[in-house]
Amino acid sequence: MELFFTSLLNGVTYGLLLFMLSSGLTLIFSMMGVLNFAHASFYMLGAYFGYVISSYVGFYPALLLAPLAVGAIGALIERYGMRRAHASGHLAELLFTFGLAFLIEEVVHLVWGKSPVPYRVPPSLDGPLFTLFSATFPTYKAFMMAVSVGMLAALYALLTRTRVGLLVQAALSKPDMVEALGHNVPRLFMLVFGGGVGLAALAGVIGGNAFVTEPGMAAAVGSIVFVVVVVGGLGSITGAFVASLAIGILQTFAVAVDYKLPFFDRVTVSQTAPVLPYLIMVLMLIARPRGLMGTRET
Amino acid sequence: MTRSRLALWAVTLLVLVVAPLVFSKGFALSLLCQMGILVVFALSYNMLLGQTGLLSFGHAVYYGLGALFAIHVLNLNKVPTPFIPLVGGLAGLAFGLVFGYITTRRAGTTFAMITLGVGEMVAASSLMFPAFFGGEAGISGNRSQEPFFGLTFGPQIQVYYLIAAWLVICVVAMHALTRTPLGRMANAVRDNPERAQFVGYDPQRVRFLMVALSGFFAGVAGGLATLNYEIVSAESLSALTSGMVLLATFVGGVGFFAGPILGAIVITLMSTVLAGYTKAWPFYFGLLFLSTVLFVPGGLTGVVVLQKRLWDAGLLSRVAPVYVRMAVPGLVFVGGAVVAVEMAYRGVRLPGAWLGTFAAMAVGLLAARWLWRRESDRWAAALEALAGKAAP
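Quick mapping for you: the protein sequence lines, in order, are chains A and B. Letter by letter, the first sequence follows residues 2 to 299 in our numbering. Letter by letter, the second sequence follows residues 639 to 1030 in our numbering.
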């Protein structure tokens, strides 16, 4: 029972973090039709920026400043890089983001080195919040959950209740019409890219100190985020939410289970944990390329 | 085949035979071996990206599994060393048939995503079966077995000529494949799948065959790597290897048969020679890749071919002044960028040095833009004249 609840809480925390990444990715995809390979790299940049900024002005200002800085960088990259690549087609755009992911990792190597940086949970959030069946639940995990849920609510309000949000939704389905009505769609693209990347950076700021801030963190989480977006259905934020939680919980539980697999007597369930998400993704792409809640194919 | 093409093949063959006599030092020889392996791997990748229009993010699966099967067979001591790459190729072909059947049911972005998923899946299963995949330490073998016609393949020079022989076989086979109906249909499927289907070919089948065959050649490259390094680790089927072959192929130029060859040579030189001077070489390579994507989608080979066409049309003398004038601010900008990267890497914290570097970069960039506005007409005119000469 204790194992079940701890695993569930850990899974939900991890799933919510995945959702912060996948919501931005899926927004960018549905708007520009391109999968942003560098999305997890911005998550990593968020963690490193959070580390640097919090060492000067403290954690809470960094929570705001780091995503803003990364979002601005993302907007600039969209304006001067993506837009150029977009002119030569989808393939060029996909390759551009792929090269960008490679380059950002190298920048992190150059500036902060190859080993992890000491980015720690702030003292005010350190320590246990409550005890459940003799296992303690850390305050910081509750904080992470609160930030992700708050972000989800804010995103929902922004998309459905504000003028900009309505324009974004309109540009999702009929970009030409929105442009004909006199709205600056390229600038809207820039805004969505910067915003989505900023969300990833926010996830980095709160995830970087919960896990490890190192150059490999983008690659570690990047492909999982792709799995989430594909399984949830490209372009669907609700789908991304469901898939994030499902994959997060699945991975946490698979690691905790110690049963042996039938037929493979030396392989336990926990060893299959890294393979499971990709297996689900490949099966999903073959059987239902729209994903769980997607409206169109990739 | 025209006489100039024949001459090109002959020169290539001669270079392959003579190269180790000129570059006989141990380092240069192992560099040549590394190049040969990557050339086969990148050419096999371009069968998908350039010829069939399939962007794959998991090509290292065939390379790595080919290498793994090759080393296990090598350790059995049953197959003579020169045929080990064939074992790798057959393993690559087998997995190409299996994964090709799964992946080619869709094209475009879905194909790219499935290959990513399959690649990650195979890489992650190396944790599940450490006995086969070698775990952290990898699997080592010994290439010098019983002498094969007096050759033990112990010395590096013998391995070089073995790699060169396999390289020639693979390059000729892959080039011949572009001339077959299958190779032509692959191009048709890349350019317009609906029309290809309309004239009676199944695009999915063409893609499937191309993936399987490209898996074979990737497996041969893996088998060659097995013989060269005598160790195979799980890294050879990681996303990093898949990414590297994609970068190398694209930088070389996907639109030309020789493109991946050039790309493989460039990336090998950068990862060995340039890496000896600076630890930041992957950064420079990433920049090279991004600039290729943004400014010269034809890759390095595209640039070379354009110069040759200008030369043939007698127009190179007209654009040469543009190159010379653009080179000055261009070099200032690139030089400034290199200095900035090296200072970042070495942790230089002098504000004056940084300010000066950024100023030099800004001046170079602004001067280049200003100059380009004046020179672009001349450049455009030359290209127009070239198009005009080619048309009639």
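Beta carbons: idealized from backbone N, C-alpha and C, even for Gly.
The beta carbons of Gly-75 of chain A and Gly-195 of chain A sit closer together than 8 angstroms. Where Lys-663 of chain B is concerned, there is no enclosing alpha helix (DSSP H), because DSSP gives it neither an H nor an E. Put simply, the CB of Ile-740 of chain B is near chain A, with a gap under 8 angstroms to one of its CB atoms. Neighbours of Thr-273 of chain A in chain B, taken as residues at a C-beta separation under 7 angstroms, are given in chain order as Met-766.
Residues of chain B with a Cβ closer than 7 angstroms to the Cβ of Met-282 of chain A are, in chain order, Gly-755. Contact with chain B is absent for Arg-80 of chain A, since none of that chain's Cβ atoms lies less than 8 angstroms from the residue's Cβ. Using beta-carbon distances, Val-198 of chain A does not count as an interface residue toward chain B, since no partner is under 8 angstroms. Shortest Cα-Cα distance from Met-848 of chain B to any of B:Ala-666, B:Thr-816, B:Ala-1019 and B:Gln-835 involves B:Thr-816. With respect to Val-699 of chain B, Gly-757 of chain B sits close: the two C-beta atoms are nearer than 8 angstroms. In the DSSP assignment, Leu-692 of chain B falls outside any alpha helix (DSSP H), carrying neither H nor E. About 24 angstroms separates the CB atoms of Met-145 of chain A and Ile-105 of chain A; that is not less than 8 angstroms, and the two are not in contact. Contact annotation: in the stretch 115–134 of chain A, no residue has its CB less than 8 angstroms from a CB in chain B. Here Ala-1006 of chain B has Met-964, Pro-967, Gly-968 and Phe-971 as same chain residues with Cβ atoms under 7 angstroms from its own Cβ, once five neighbours each way along the sequence are excluded. Rounded to whole angstroms, the gap between the alpha carbons of Leu-64 of chain A and Gly-197 of chain A is 16 angstroms.
Taking the Cα of Val-883 of chain B as reference, the smallest distance to any Cα among B:Cys-671, B:Val-656, B:Ser-668 and B:Ile-675 is reached at B:Ile-675.
Sequence-ordered contacts of the stretch 73–100 of chain A with chain B read Gly-82, Arg-85, Ala-86, Ser-89, His-91, Leu-92, Ala-93, Leu-95, Leu-96, Phe-97, Phe-99 and Gly-100 [C-beta pairs closer than 8 angstroms]. Taking the CA atoms as reference points, Tyr-157 of chain A sits about 47 angstroms from Gly-990 of chain B. Note on geometry: alpha-carbon atoms of Val-58 of chain A and Ala-274 of chain A lie some 39 angstroms from one another. Taking 8 angstroms as the cut-off, the beta carbon of Val-186 of chain A is found closer than this to the beta carbon of Pro-176 of chain A. Listed along chain B are Gly-755, Glu-758, Met-759 and Ala-762, each with a C-beta nearer than 7 angstroms to that of Tyr-279 of chain A.
DSSP places Thr-916 of chain B outside any alpha helix (DSSP H), giving it a letter other than H or E. Judged by DSSP secondary structure, Met-823 of chain B falls within the alpha helix (DSSP H) whose first and last residues are 819–829. Annotation for Leu-728 of chain B: the continuous alpha helix (DSSP H) segment containing it runs 722–741.
With contact defined as three or more Cβ pairs closer than 8 angstroms, the stretch 781–801 of chain B and the stretch 653–671 of chain B are in contact. Listed by position along chain B, the residues whose Cβ is nearer than 7 angstroms to that of Ile-54 of chain A form an empty set, because the closest Cβ is around 18 angstroms away. Here Ile-740 of chain B is not near Val-231 of chain A, since their CB atoms are 8 angstroms or more apart. When C-beta atoms of the stretch 873–888 of chain B are compared with those of the stretch 823–841 of chain B, fewer than three pairs fall below 8 angstroms, so the two segments do not count as touching. Neighbours of Val-112 of chain A across chain B, judged by C-beta separation under 8 angstroms: Ala-982.
For the C-beta of Val-979 of chain B, the chain A residues within less than 8 angstroms are, from N- to C-terminus, Leu-111. C-alpha of Pro-278 of chain A to C-alpha of Leu-26 of chain A: approximately 18 angstroms in a straight line. About 5 angstroms separates the beta carbons of Val-229 of chain A and Ile-248 of chain A, which is inside the 8 angstroms limit, making them a contact pair. Apart from the 5 residues on each side of it in sequence, Ile-29 of chain A sits with its Cβ closer than 7 angstroms to the Cβ of Asn-37, Val-193, Phe-194 and Gly-197 in its chain, given in chain order.
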